[in-house]
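J.:
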Amino acid sequence: MRVTLCFGGSIISPEKPDVDCIREIAGIVRTLKTQRHDPLIVTGGGGPAREYIEIAQKLRISSSGLDKIGIDVTRLHARMLISALGDLAEPDPVTTIEAAVRAALKNKVPVMGGTTPGQTTDAVAAMLAKTSNSELLIFFSDVGAVYTADPKLNPKAKKIDTMTSRELVNLVGGKRPAPGMKIIIDPVAAKLIERSKIKTIVVGKHELKRLPEIIRGAKHSGTTIVPVSE
Ligand code: UTP
């Protein structure tokens, strides 16, 4: 199955790159390839992206300049995962969705970070899933599911097991994300998910080893976002 995987910076690089997590991701991607799945990968910027953005803010860099710094960090994480994947991966982080699809067609695993200011890698993943005709889009994040509110800020937040893509759009709102802003799925991505009608799952890092089962339709501890049929 063709599947787009988005590894949030919050799991691959919460404060700094997590070597064990990067190795675990590489191992599971290897398993997916031996099972003849076709994964395409997006990596986030995590703590280091936020740190560089904060420093750059003090240097009074413009908002799109801050976003570009975030994009550079996401690509650095892509390169780290590529190193762990070895020959399986396209040798450099791809910088466009089209290049990612071309690499996948050559049977190489494309790994990419951000592309355009004004969004996050969530939107890149949603676009990649659509353009590559992925059957499934999976987000790995530290929160591990979509909640009714940010569970780190609101103890009354409730986990959502299943929701429609329209409900996701309503939950995350329509605002452009500020550079470095933390949100479970960015609004640009939520809109793309709604429009492209791709089944989407949000799960935590602890589900990584179960990824082959989850792809086959097994239950998981996160949130399933189902398309709305018109
Ligand atoms: P992330 O995708 O890592 O954002 O991009 P995030 O929501 O903080 O996700 P986690 O914490 O990694 O899971 C980091 C920053 O890079 C810029 C944005 O400023 C974003 O906040 N960025 C990223 C872009 O401007 N465009 C992109 O396509 C990707």
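Positions in the sequence shown are counted from 1; adding 806 to them yields my numbering.
C-beta atoms are modelled at their ideal positions from N, C-alpha and C, and glycine is treated no differently.
All figures in this text were calculated on a predicted structure; none of them were measured in a lab.
1) Quick one, which of Arg1016, Lys1003, Val917 and Val900 has its alpha-carbon nearest Leu943's?
2) Are at least three pairs of beta-carbons, each pair with one atom in the region 932-949 and one in the region 872-881, less than 8 angstroms apart?
3) Compute the Euclidean distance between the alpha carbons of Leu1017 and Pro985, then round it to the nearest angstrom.
4) Could you pull the DSSP bridge partners for Leu838 from this structure?
5) Using the Cβ count rule (16 or more neighbours within 10 Å means buried), how would you classify Arg881?
6) By alpha-carbon positions, which one of Glu1000, Lys1015 and Gly1010 ends up nearest to Ser1035?
7) Count the other C-beta atoms from every protein chain shown that fall within 10 angstroms of the C-beta of Leu998, then say buried if there are 16 or more, exposed otherwise.
8) Would you mind sorting Lys822 into buried or exposed? The rule is 16 or more other CB atoms within 10 Å of its CB.
9) Heavy atom of the ligand UTP less than 7 angstroms from the Cβ of Gln863, yes or no?
10) Would you kindly report the start and end of the unbroken alpha helix (DSSP H) that includes Arg881?
11) Could you work out which residue in Val1032, Pro916, Ile903 and Ile867 is closest to Ala884 when comparing CA atoms only?
12) Comparing C-alpha positions only, which one of Thr810, Lys864, Val949 and Thr968 sits nearest to Leu959?
13) Is DSSP giving Pro845 helix, strand or coil here?
14) Strictly by DSSP, which residues pair up with Leu811?
T.: A quick look at the data gives this:
1) Looking up residue 943 in the sequence shown gives position 137. Between Leu943 and the set Arg1016, Lys1003, Val917 and Val900, the nearest pair of CA atoms involves Lys1003.
2) No: the two stretches stay apart, fewer than three of their Cβ pairs being nearer than 8 angstroms.
3) By one-based count along the sequence shown, residue 1017 stands at place 211. By one-based count along the sequence shown, residue 985 stands at place 179. Between Leu1017 and Pro985, the C-alpha separation is close to 30 angstroms.
4) Within the sequence shown, residue 838 is the residue found at index 32, counting from 1. DSSP lists no partner for Leu838.
5) In the sequence shown, the residue the question calls residue 881 occupies position 75. Of the other Cβ atoms in all chains shown, 16 or more fall within 10 Å of the Cβ of Arg881; this residue is therefore buried.
6) One-based indexing of the sequence shown puts residue 1035 at position 229. Of the candidates Glu1000, Lys1015 and Gly1010, the one whose C-alpha sits nearest the C-alpha of Ser1035 is Glu1000.
7) One-based indexing of the sequence shown puts residue 998 at position 192. By the 10 Å Cβ count, Leu998 comes out buried.
8) Position 16 of the sequence shown, counted from the first residue, corresponds to residue 822. Residue environment: Lys822 is assigned as exposed (fewer than 16 neighbouring CB atoms within 10 Å of its CB, all protein chains considered).
9) Here residue 863 refers to the residue found at position 57 of the sequence shown. No, Cβ of Gln863 sits at least 7 angstroms from all heavy atoms of the ligand UTP.
10) Locating residue 881 in the sequence shown gives position 75, counting from the first residue. First-last of the alpha helix (DSSP H) with Arg881: Ser869 to Leu891.
11) The residue given as residue 884 occupies position 78 in the sequence shown. For the residues Val1032, Pro916, Ile903 and Ile867, the minimum Cα distance to Ala884 belongs to Pro916.
12) In the sequence shown, the residue the question calls residue 959 occupies position 153. Ranking Thr810, Lys864, Val949 and Thr968 by Cα distance to Leu959 puts Val949 first.
13) Stepping through the sequence shown from its first residue, residue 845 is reached at position 39. Strand.
14) As a first step, residue 811 is located in the sequence shown; it is residue number 5 there, counting from the start. In DSSP, Leu811 forms a bridge with Ile847 and Ile944.
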